[in-house]
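Take any residue in the first sequence, note its place counting from 1, add 211, and you have its number in the numbering used here. Worksheet: the structure to be examined is printed underneath.
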Amino acid sequence: MNYINLKLPDDSIMQVKKGTTVQEVAYQISPRLAKDAVCGRYNGDLVDLQYPINADGTYSVVTIDSPEGIDVLRHTTAHVMAQAVLRLWPDAKLAIGPTIENGFYYDFDLGHSITPEDLETIEAEMHKIIADDLPVKRFEVSKDEAAQLFKERNDNYKLELIADLDNEVSIYQQGDFFDLCRGPHLSSTGRIKAFKLLSVAGAYWRGDDSKPMLQRIYGTAFFKKSDLDAYLKRMEEAKKRDHRKVGRELELFVLLEEGPGFPFLLPKGMELRNTLIDFWREEHKKAGYLEISTPIILHQNLWHRSGHWDHYKENMYFTKIDGEDYAIKPMNCPGGMLVYKNKMHSYRDLPLRLGELGLVHRHELSGVLHGLMRVRNFTQDDAHIFMLPEQIKDEITDLIAFIDKFYSVFGFKYHMELSTRPENSMGSDEDWEVATNALKAALEENGYEYILNEGDGAFYGPKIDFHLEDCLGRTWQCGTIQLDFQMPERFDLTYVGQDGEKHRPVMIHRVVFGSIERFIGIIIEHFAGAFPTWLAPVQVRVIPIAQGHHEYATVVADQLSGKGIRLEIDQRNEKLGYKIREAQMQKIPYMLIVGDQEKENNSVAVRSREEGDLGTVSLDEFTDNIAEEINSKTL
RNA sequence: GCCCUUGUAGUUCAGUGAUAGAACAAUUGCCUCGUAAGCAAUGAACGUAGGUUUGAUUCCUACCAAGGGCUCCA
């Protein structure tokens, strides 16, 4: 009898008979482990439970509570869904069916348009397949054999996939269904306990808009019903704080048919925006920035010169003035270049930091517009920093700390990504290398962790992007630092060095919020509309109990607004409970209830949005407290 | 831009081949009120343009807009 040695995760060696399956090994370690086993990891590769181990190697069990385990479950669920779809519509052709972050999808090509109602029918069919507890089997075949199989099913998508593969191809089969798949899979369909089909959507074959449009069904699956329910509940939560819904309810902004992708900010949204901008200006002044403003419409020659005509034309809007061609700016940089060129600069002036809250317009495809998150015009909190080459690293180091300061105020966590040279870009390889290395050095020498995105840079230079994470764990790209050797070259920017000669400065483009509008959308969802007091468009609502208290309410209001506090008085002829409910729904941080007692003692009864009735304090005390809260930007 | 779904009052949602209904909001009146909805009355809508039909908000077509999706490779 042959024995083999398996190295387990705790570095111990286990001896088993040659040919023992992954499942059996797990059972020998512990029956409990075998019960929770989804598949195994043998010599680093994921393998099915039925996989027989024939040689020494490392071994570990993948269980239902690991990310890989859930992935396998979802993958098998995708196969079951494909099987159900084929039973219902035998002429369907299968494209791809991978797992994604929170579930899976499968793309189909079929004549019938799948409707949301069909999802229930498909689910019912899937439940039958699960109830039958069909064993899932793996076969390894040659490419030609595989091609033969899918030719019979007339499935040109799979044939295309097979053509791209190496010699050995694996097929998974359950009942009458088989699919091309790398695996691994659950051992049988009965192990699927909790799944749900979520939506149908169109998707191009291989994401290419010149290829046929397929029908994609999204779904998700979990090992426990309670996990599925928790996931669905989290989705509901996210829906409740959707910035489009909250923005309407709190009267922050609107999007109208008259301006698709062009948001209107309402008075309260404008308060929010102005508060953000005040904060931005204050910090930028402290950090040595000067502020400029450049025109929205500029002559087309400028855009030829900047390279936008060649690289960004598709996203730009154009207009004619006095017979000349003009363009509406999609970016602020060319205007910034002209400001720099307006006078001579000495090396002593550098780094020169020019900030601009610039309104840019970009033509985005109609199908991608989304609330404030994806729009056709937005305000960038831009800045262009001109400096000596030897100042790059320090400047970037300072910038990272600067951006960090902003995000901390909102309680956002974030991570950074470094993007390198894309196709269709400008400049020499050497410039790109120098620029990329400077960014890398600033990150690495300061001990920052980052993700590398090859080929994802801007057309004029590499960049560091900041992805912040909101309270639901979703990430949003906001800040970015982009190094640019091209623009100074194209605009022939110079400074006079110590030697009295002209030299070429290096430039950084950077934003902190990214788009002010989008940042507003993000914080709406992050705070679910319940903004910290310093940001809240209305910080206090004074609520007189009855009409006899209106006069004192005005006294209270005058004192507070004298300190710059934003407030409203609710003088409607309604009951106290009614007014409180409404203020509560408007998520106003503080309600000040004033009646006879308060009037007598020059006090206010404070009710907080979060904690309810806080009791009575003197008007002066409340004024001091809230001023301090606003000043410190307490979360 | 492309695919699917959806457009009814300020908002959320009913509904019908012939008279379009509710709740909340708004306005007005009554109640003068102590911590999440007092009572009543009133005004207010079928996205746009064609077509089918005796008759269309409803069925059909086009357009406009909104929602989901179009990177995550068997």
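The beta-carbon is built from N, C-alpha and C at its ideal position, and this holds for glycine as well.
Counting C-beta atoms within 10 angstroms of its own C-beta, Val579 has fewer than 16 neighbours from the protein chains shown and is therefore classed as exposed.
Between Val723 and Trp491, the C-beta gap is smaller than 9 Å, which places the two residues in contact. In this structure, Gly547 is the residue among Gly547, Leu487, Glu525, Gln602 with its C-alpha nearest to the C-alpha of Leu509.
Between Glu736 and Pro474 the beta-carbon gap is near 15 Å, outside 8 Å, which marks them as no contact. Going by DSSP, Leu461 is part of no alpha helix (DSSP H) at all; its letter is neither H nor E. Closest in alpha carbon position to Gly658, among Ala449, Arg252, His626, is His626.
Restricted to the region 557-625, the alpha helix (DSSP H) segments that are unbroken, complete and at least 4 residues in length are 603-621, listed in chain order.
Per DSSP, the unbroken alpha helix (DSSP H) holding Arg285 starts and ends at 278-299. Comparing alpha carbon positions, the residue from Phe670, Lys810, Met598 closest to Ser639 is Phe670. Looking only at Leu629, Leu217, Ser410, Ile841, the smallest Cα-Cα distance to Asp318 is reached by Ser410. DSSP, reduced to helix, strand and coil, places Cys250 within a strand of the structure shown. A check of alpha carbon separations from Gln697 across Leu561, Pro242, His519 identifies His519 as the nearest. Within the model, the alpha-carbon separation for Ala303 versus Leu321 is close to 5 Å. Cα atoms of Lys674 and Met598: separation of roughly 17 Å, rounded to the nearest angstrom. For Glu502 against Glu606, the beta-carbon gap comes to about 18 Å, at or over 8 Å, which does not count as contact. Contact between the region 425-444 and the region 386-398 is not established, with fewer than three Cβ pairs separated by less than 8 Å.
Between Tyr551 and Leu565, the C-beta spacing is below 9 Å. The bridge partners DSSP lists for Gln693 are Lys674, His720.
The beta carbon of Ser557 is closer than 7 Å to those of Tyr706, Val707 in its chain, skipping five residues each way along the sequence. Of all C-beta pairs linking the region 781-801 to the region 712-726, fewer than three are shorter than 8 Å, placing the two stretches out of contact. Residue pairing by DSSP places Asn813 in no beta bridge whatsoever.
Under the three-state reduction of DSSP, His396 is assigned to coil, being neither helix nor strand. The beta strand (DSSP E) runs lying completely inside the region 366-421 and spanning 3 residues or more are 379-385, 388-391, 405-415, given in chain order. Counting only residues of its own chain and dropping the five nearest sequence neighbours on each side, Ile692 has a CB closer than 7 Å to the CB of Ile607, Leu610, Lys674, Ile675, Ile719, Arg721.
Counting every other CB atom within 10 Å of its CB across the protein chains shown gives Ile733 a total of 16 or more, marking it as buried. Residue burial is scored here from C-beta neighbours: Gln750 has at least 16 other C-beta atoms within 10 angstroms and is therefore classed as buried. In the three-state scheme derived from DSSP, where H, G and I count as helix and E and B as strand, Ala669 is classed as strand. The Cβ-Cβ distance between Ala646 and Gly672 falls below 9 Å. Here the region 255-269 does not lie against the region 350-358, with fewer than 3 beta-carbon pairs under 8 Å apart. The alpha-carbon of Tyr537 is positioned some 21 Å away from that of Gly470.
By the C-beta criterion, the region 743-763 is judged to be in contact with the region 476-485, since at least 3 inter-stretch pairs fall below 8 Å. Per DSSP, the unbroken alpha helix (DSSP H) holding His737 starts and ends at 727-738.
Non-local beta-carbon contacts of Glu779 in its own chain, meaning distances under 6 Å to residues more than five positions away in sequence, involve Val749, Arg752 in chain order.
Counting only unbroken stretches of 3 or more residues, the beta strand (DSSP E) elements lying wholly within the region 478-511 are 508-510, in sequence order. Between the alpha carbons of Arg516 and Arg701 lies a distance of about 7 Å. Excluding sequence positions up to five before and after Asn216, its CB lies within less than 8 Å of the CB of Ile224, Met225, Gln226, Asp267, all in the same chain and listed in chain order.
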